[in-house]
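K.L.:
Numbering-wise (the numbering used here), the sequence shown opens with residue 14 and increments by one.
Each residue gets a CB set at the ideal place from its N, CA and C atoms; glycine is no exception.
Can you read through this structure? Questions will come right after.
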Amino acid sequence: MVELRRRSEMKLLETAQYFFDEAAERLGLENSLRELLRYPKLQLVVIFPVVMDDGSTRQFEGYRVQHHPVFGPCKGGIRFHPDVTLEEVEALAILMTWKCAIIGLPLSGAKGGVSCDPKALSRGELERLTRRYASEISPLIGPENDIPGPDLYANEREMAWIVDTLSMHRRAQFIPGLVTGKPKILGGSEGRDSATGRGGFFCAAEALVQLGLNMNGARIVVQGFGNVGWNFARFAHDAGARVIGVSDSCGGVYNPGGLDLYALKRHKESTGTVLGFDYGEDISNAELLQLPCEVLVPAALEHQITEGNVARIKARVIVELANGPTTREADPLLYERDVLVVPDILANAGGVTVSYLEWIQDRSFYFWGAQKIDDLLREWMIVGFHKVWKAHQQEAIDMRTAAYLVAVERVAAAARSRGLYA
Ligand code: NAD
14 MVELRRRSEM KLLETAQYFF DEAAERLGLE NSLRELLRYP KLQLVVIFPV VMDDGSTRQF
74 EGYRVQHHPV FGPCKGGIRF HPDVTLEEVE ALAILMTWKC AIIGLPLSGA KGGVSCDPKA
134 LSRGELERLT RRYASEISPL IGPENDIPGP DLYANEREMA WIVDTLSMHR RAQFIPGLVT
194 GKPKILGGSE GRDSATGRGG FFCAAEALVQ LGLNMNGARI VVQGFGNVGW NFARFAHDAG
254 ARVIGVSDSC GGVYNPGGLD LYALKRHKES TGTVLGFDYG EDISNAELLQ LPCEVLVPAA
314 LEHQITEGNV ARIKARVIVE LANGPTTREA DPLLYERDVL VVPDILANAG GVTVSYLEWI
374 QDRSFYFWGA QKIDDLLREW MIVGFHKVWK AHQQEAIDMR TAAYLVAVER VAAAARSRGL
434 YA
């Protein structure tokens, strides 16, 4: 089991480096920059104690990785999960750099995490763990250096604990720009909660237009009904799409006429799963991925579309809201089959985009309304989509390779113009 887990972790990092290598080759990138950008610049591993509710002490392992601060501060979420490892955090930090570069944000990538099972910890244990982890990585963190944000099982509540701990460390009253994804009362931004799903929705709508299709009436299938999957589904539903299939970790539900999403959300809130919904048929997650549809949205885990199931995928467009949901082996097969893939480093960049807007607001202590955030997110996601679309068309390459070309070219140009301090 441990061996299997290690192989899949390595795969995410190897996959990120594989696509970087391909872009570097196409761009004719000089070796010095290839070496520089292929690996993270800084990796911190911390082992720290937490006092448990029964009075015992347990040691936890946590990480913070910065890729390359070429443009500005590093930015990236913190995840609490039993499977978190240094390799996974490295891969996710590298992906963050490329996301920021596609949108044109003046930020570089970072990521953090603690290997723990947050579901097995009490509220008090989780708060002590969060605060101690924050204090361990504190030397790296700062509004001009490295700004954490939420990720798996670390949300608003944890961000509030982190900003409080780090502000106290600096003997300051309160420094909101230290962390994004905070509660609004502490300087969080309008629209941050729904930003990743909304950004993905803008990409999906643009992709459909390019194929001569329309969101209105499109059949949509979403794997994962958490923050990102739910928000994507509701924006698509409200724009007239038919969300015909949705799943969570227990399985999926299907209605070819379109699911009543709001009723399904209430059903999930009361039962804990989408299974057993009165107005749909239960299906497995494997069946869900194979439903005929215009847009398939993996919004749960990595490595869901593989060599094993790619031939049975019937979607016209795949919008990758999870990180790394398509394996390296399945990717070219989708391109051969004319399935348009909007890759993760473009499709799920809405989250970091609104985090950037939160950071700007925190730095100026002036806050914008929801409409302004939404307008900026829409504009930047659509511009990002078209940069990648143009490279895809001009170079006759798949969208993922095109996205890496756009991102790597921008970061390499900045690194080159700064030169080397050696
Ligand atoms: P979440 O924890 O809110 O939701 C995850 C959902 O996936 C849950 O509904 C869960 O039941 C479901 N799930 C778990 N295992 C599954 C399985 N085997 N099959 C189907 N569904 C399964 O997390 P989230 O914030 O919605 O994030 C989803 C994905 O998007 C993650 O991969 C995350 O890294 C990525 N992402 C999130 C953000 C963000 O802003 N939240 C930004 C970029 C990328």
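What are the residues that DSSP puts in a beta bridge with cysteine 87?
P.N.:
Residue numbering aside, residue 87 sits at position 74 when the sequence shown is read from its first letter. Paired residues: Ser121 and Asp159.
K.L.:
Taking leucine 1 as the reference, give the member of Ala231, Leu118 and Ala173 with the closest Cα.
P.N.:
What is shown of the chain runs 14 to 435, which leaves residue 1 out entirely.
K.L.:
According to DSSP, simplified to helix, strand and coil, what is alanine 133?
P.N.:
To locate residue 133, count along the sequence shown from 1; it is residue 120. Alanine 133 falls in the helix class under three-state DSSP.
K.L.:
Could you tell me which of Ser180, Val192, His182 and Gly155 sits nearest to methionine 172, measuring between CA atoms?
P.N.:
Taking the sequence shown and counting its residues from 1, the one referred to as residue 172 is at position 159. The shortest C-alpha separation from methionine 172 is found at Val192.
K.L.:
How long is the line joining the alpha carbons of aspartate 388 and glutamine 72, rounded to whole angstroms?
P.N.:
If you number the sequence shown from 1, residue 388 lands on position 375. If you number the sequence shown from 1, residue 72 lands on position 59. The alpha-carbon atoms of aspartate 388 and glutamine 72 are separated by roughly 45 Å.
K.L.:
Is valine 97 close to the ligand NAD? I mean its beta-carbon at under 6 Å from any heavy atom of the ligand.
P.N.:
As a working mapping, residue 97 is identified with position 84 in the sequence shown. False, no ligand heavy atom lies under 6 Å from that Cβ.
K.L.:
For alanine 29, verify whether its CB is less than 6 Å away from any heavy atom of the ligand NAD.
P.N.:
Translated into the one-based positions of the sequence shown, residue 29 becomes position 16. Result no, Cβ not under 6 Å from the ligand NAD.
K.L.:
Using 8 Å as the threshold, is the stretch 112-122 in touch with the stretch 179-190, meaning 3 or more CB pairs across them?
P.N.:
The answer is no - the stretch 179-190 does not touch the stretch 112-122, with fewer than three Cβ pairs under 8 Å.
K.L.:
Pick helix, strand or coil for cysteine 306, following the three-state DSSP scheme.
P.N.:
Here the question's residue 306 lines up with position 293 in the sequence shown. Strand, per DSSP.
K.L.:
Pick out whichever of Trp174, Pro156, Asp164 and Pro196 has its Cα sitting closest to the Cα of leucine 139.
P.N.:
Reading the sequence shown from its first residue, position 126 is the one you call residue 139. With distances taken between Cα atoms, leucine 139 lies closest to Trp174.
K.L.:
Does the distance from the CB of proline 356 to the CB of glutamate 333 come in under 7 Å?
P.N.:
Locating residue 356 in the sequence shown gives position 343, where the first residue counts as 1. Locating residue 333 in the sequence shown gives position 320, where the first residue counts as 1. In this structure, glutamate 333 lies closer than 7 Å to proline 356 by Cβ.
K.L.:
Classify leucine 418 as buried or exposed, calling it buried when 16 or more other Cβ atoms lie within 10 Å of its own Cβ.
P.N.:
Your numbering for residue 418 matches position 405 in the sequence shown. Buried.
K.L.:
Answer with buried or exposed for valine 15, where buried requires no fewer than 16 other C-beta atoms within 10 angstroms of its C-beta.
P.N.:
Here the question's residue 15 lines up with position 2 in the sequence shown. Any answer about valine 15 is weak, because its pLDDT of 33 lies below 50 and its placement is not dependable; what the coordinates show is given next. Valine 15 comes out exposed.
K.L.:
I want to check one thing, is the minimum distance from the CB of leucine 314 to the heavy atoms of the ligand NAD below 6 Å?
P.N.:
For the purposes of this step, residue 314 is taken as residue 301 along the sequence shown, with counting starting at 1. Answer for leucine 314: yes, Cβ within range of the ligand NAD.
K.L.:
Starting from the C-beta of alanine 360, find all residues in its chain whose C-beta is less than 7 Å away, skip the five residues before and the five after it, and write them out in chain order.
P.N.:
Within the sequence shown, residue 360 is the residue found at index 347, counting from 1. Gly213, Cys216, Val332, Glu333 and Leu334.
K.L.:
Within 10 angstroms of its Cβ, does threonine 284 collect 16 or more other Cβ (buried), or is it exposed?
P.N.:
For this step, residue 284 is matched to residue 271 along the sequence shown. Classification of threonine 284: exposed, given that the 10 Å Cβ count is below 16.
K.L.:
Would you check if the stretch 317-327 and the stretch 244-252 touch, i.e. whether three or more CB-CB distances between them fall below 8 Å?
P.N.:
Touching, no, given that fewer than three Cβ pairs across the two stretches are closer than 8 Å.
K.L.:
Taking leucine 55 as part of the alpha helix (DSSP H), name the residues at either end of that continuous run.
P.N.:
Counting from one through the sequence shown, the residue named residue 55 turns up at place 42. Unbroken run through leucine 55 is the beta strand (DSSP E), 55-64; no alpha helix (DSSP H).
K.L.:
Going by beta carbon distance, what residues of the same chain come within less than 6 Å of glutamate 294, once the five residues before and after it are set aside?
P.N.:
Counted from its first residue, the sequence shown places residue 294 at position 281. Cβ within range, chain order: Tyr267.
K.L.:
Straight-line CA distance for glutamate 74 to phenylalanine 32?
P.N.:
As a working mapping, residue 74 is identified with position 61 in the sequence shown. As a working mapping, residue 32 is identified with position 19 in the sequence shown. Cα to Cα, glutamate 74 sits roughly 29 Å from phenylalanine 32.
K.L.:
The alpha helix (DSSP H) that contains alanine 360, what's its start and end?
P.N.:
As a working note, residue 360 is residue 347 in the sequence shown. Run containing alanine 360: 357-360, per the alpha helix (DSSP H) assignment.
K.L.:
Please confirm if the stretch 96-106 is in contact with the stretch 391-404, defined as three or more CB-CB distances below 8 Å between the two stretches.
P.N.:
Touching, no, given that fewer than three Cβ pairs across the two stretches are closer than 8 Å.
K.L.:
Valine 332 bridges to which residues according to DSSP?
P.N.:
Stepping through the sequence shown from its first residue, residue 332 is reached at position 319. BP columns for valine 332 point to Val355.
K.L.:
Based on Cα-Cα distance, which residue from Val83, Arg39, Thr70 and Val63 lies nearest to tyrosine 434?
P.N.:
The residue given as residue 434 occupies position 421 in the sequence shown. Taking only the C-alpha atoms, the option nearest tyrosine 434 is Val83.
K.L.:
So if DSSP puts proline 311 in a beta bridge, which residue, or which two residues, is it bridged to?
P.N.:
Indexing the sequence shown from 1 puts residue 311 at position 298. Looking at the DSSP assignment, proline 311 forms a beta bridge with Gln236.
K.L.:
Using CA atoms only, rank isn't needed, just tell me which of Ser121, Tyr76 and Leu165 is closest to valine 421.
P.N.:
As a working note, residue 421 is residue 408 in the sequence shown. Checked all of Ser121, Tyr76 and Leu165; the closest Cα to valine 421 is Ser121.
K.L.:
Under a Cβ-count criterion, where at least 16 other Cβ atoms within 10 Å of its own Cβ denotes burial, should serine 430 be classed as buried or exposed?
P.N.:
Numbered from its first residue, the sequence shown carries residue 430 at position 417. Exposed is the call here.
K.L.:
Look up glycine 210 in the DSSP assignment and say whether it is helix, strand or coil.
P.N.:
The residue you call residue 210 lines up with position 197 of the sequence shown. In the structure shown, glycine 210 sits in a helix (DSSP, three-state: H, G or I).
K.L.:
Give a yes or no on whether the C-beta atoms belonging to isoleucine 386 and glutamate 203 are separated by under 7 Å.
P.N.:
Locating residue 386 in the sequence shown gives position 373, counting from the first residue. Locating residue 203 in the sequence shown gives position 190, counting from the first residue. Cβ distance < 7 Å, so isoleucine 386 and glutamate 203 count as in contact.
K.L.:
When you measure from the CB of serine 368 to every non-hydrogen atom of the ligand NAD, does any distance come out below 6 Å?
P.N.:
What you label residue 368 is simply residue 355 of the sequence shown in a count that begins at 1. Serine 368: no, Cβ never under 6 Å from the ligand NAD.
K.L.:
Note the first and the last residue of the continuous alpha helix (DSSP H) segment covering glycine 364.
P.N.:
In the sequence shown, the residue the question calls residue 364 occupies position 351. Looking at the DSSP string, the run of the alpha helix (DSSP H) that includes glycine 364 is 363-377.
K.L.:
Give the DSSP-derived three-state secondary structure of aspartate 67 in the structure shown.
P.N.:
Here the question's residue 67 lines up with position 54 in the sequence shown. DSSP places aspartate 67 in coil when its eight states are reduced to three.
K.L.:
With a threshold of 7 Å on Cβ separation, who are the neighbours of histidine 250 within its own chain once the five nearest residues in sequence on each side are excluded?
P.N.:
Sequence index remark: in the sequence shown, residue 250 carries index 237 (1-based). Counting only Cβ-Cβ distances below 7 Å, and skipping sequence neighbours, we find Val256 and Leu274.
K.L.:
Looking at valine 367: is its Cβ nearer than 7 Å to the Cβ of leucine 390?
P.N.:
Residue numbering aside, residue 367 sits at position 354 when the sequence shown is read from its first letter. Residue numbering aside, residue 390 sits at position 377 when the sequence shown is read from its first letter. Yes, the pair counts as a contact, with Cβ atoms nearer than the cut-off.
K.L.:
Which residue comes first and which comes last in the beta strand (DSSP E) that contains arginine 255?
P.N.:
Here residue 255 refers to the residue found at position 242 when the sequence shown is read from its first residue. Where arginine 255 is concerned, the enclosing beta strand (DSSP E) stretches over 255-261.
K.L.:
Whole angstroms is fine: what's the gap from phenylalanine 290's alpha carbon to leucine 277's?
P.N.:
By 1-based counting over the sequence shown, the position of residue 290 is 277. By 1-based counting over the sequence shown, the position of residue 277 is 264. Straight-line Cα distance between these residues: approximately 7 Å.
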